[in-house]
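In the UniProt record's numbering, the protein residues as written are 1 to 239. The structure under discussion appears below in the form of structure tokens.
Following this line, the structure appears as structure tokens:
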């Protein structure tokens, strides 16, 4: 039998004390719904309704109520003990603080001149909102909402060098935030300009050696011309 869908309202990640409603929706009218929690064989809650939707209430949810949930449904015209396929797993997280994210630079933290870099902030849960910070700047540089567990922040290479961090939070109130990631230092690659400078120094050095060699040759030539002239003068003439 077709499986139902299970969702959490207001969100699958909430702070302690928030009222959570788990909604199990069947693809057809049902008679009874059951909510299961991972690791428990018996249903956690049952609802007898005559519609496609059943709601299970977790009042003032606590961290202990977080976990993996599924739901099933059955109809009166089905045989005894016959239930639908279970829904996909819903992960409910009840916490004051989300796990710390990580921040990496793609393709790497050293940026070549003229190249761009992308900073990836990765959290634990999909569907979160992300913010990127730079040391020395009070407000976030960029915001991103992502259906994945990560968000990418593109940066132009010329302005990329600096120290960065990120965090993520639930996309709607009541908000649950993560701590900041560890700092990431992005630097520029000056090796090309260094190579260019070294090349210029080498060329200047070679040019200097050539000029020095020419000077030595000219001096030797002049000396070789003067010696015979002096030897040809009679003694005592002073020439």
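From the three backbone atoms N, C-alpha and C, an ideal C-beta is built for every residue, glycine too.
Nearest-angstrom Cβ-Cβ length linking residue i and residue j, presumed shorter than 8 Å
i           : j           : result
residue 128 : residue 161 : Not a contact, Cβ separation roughly 28 Å.
residue 189 : residue 94  : Actually they are not in contact, since the Cβ atoms of residue 189 and residue 94 sit about 46 Å apart, beyond 8 Å.
residue 28  : residue 52  : 7 Å
residue 87  : residue 70  : 5 Å
As assigned by DSSP and simplified to three states, the class of residue i
i           : result
residue 195 : Reliability fails at residue 195, whose pLDDT of 44 lies under 50, so the model's placement of it is uncertain and no value is given.
residue 149 : coil
residue 246 : One cannot answer for residue 246 here, as it falls past the ends of the chain, which runs 1 to 239.
residue 26  : coil
residue 64  : helix
residue 32  : strand
residue 159 : helix
residue 117 : strand
residue 58  : strand
residue 44  : coil
residue 180 : coil
Residues near residue i by beta carbon distance below 8 Å, same chain, minus five either side
i           : result
residue 156 : 116
residue 195 : With a pLDDT of only 44 at residue 195, under 50, the local geometry of the prediction cannot be trusted, and no value is derived from it.
residue 107 : 117
residue 96  : 15, 16 and 176
residue 40  : none
Straight-line Cα distance separating residue j from residue i
i           : j           : result
residue 4   : residue 177 : 31 Å
residue 79  : residue 1   : 12 Å
residue 142 : residue 59  : 36 Å
residue 47  : residue 103 : 44 Å
residue 181 : residue 81  : 50 Å
residue 77  : residue 179 : 52 Å
residue 16  : residue 136 : 34 Å
residue 10  : residue 147 : 17 Å
residue 18  : residue 158 : 45 Å
residue 240 : residue 63  : No statement about residue 240 is possible, as the shown extent of the chain runs from 1 to 239 and does not include it.
residue 144 : residue 126 : 12 Å
residue 163 : residue 114 : 19 Å
residue 109 : residue 184 : 8 Å
Close Cβ partners of residue i (< 6 Å) along its chain, the five nearest in sequence each way excluded
i           : result
residue 133 : 140 and 165
residue 55  : 21 and 23
residue 73  : 4, 26, 30, 33 and 84
residue 99  : 124
residue 193 : A caution first: residue 193 carries a pLDDT of 45, below 50, which makes its placement in the model too unreliable to give a value.
Close-in-space but distant-in-sequence residues of the same chain around residue i (CB under 7 Å, 5 per side omitted)
i           : result
residue 38  : 67 and 68
residue 44  : 35, 36 and 37
residue 197 : With a pLDDT of 44 at residue 197, under the threshold of 50, the modelled position of this residue cannot be trusted, and the question is left open.
residue 14  : 20, 61, 94, 174 and 176
residue 91  : 12 and 68
residue 151 : 121, 130 and 144
Outcome for residue i when other beta-carbon atoms lying within 10 angstroms are tallied against a minimum of 16
i           : result
residue 154 : exposed
residue 12  : buried
residue 57  : exposed
residue 101 : buried
residue 50  : exposed
residue 186 : buried
residue 42  : exposed
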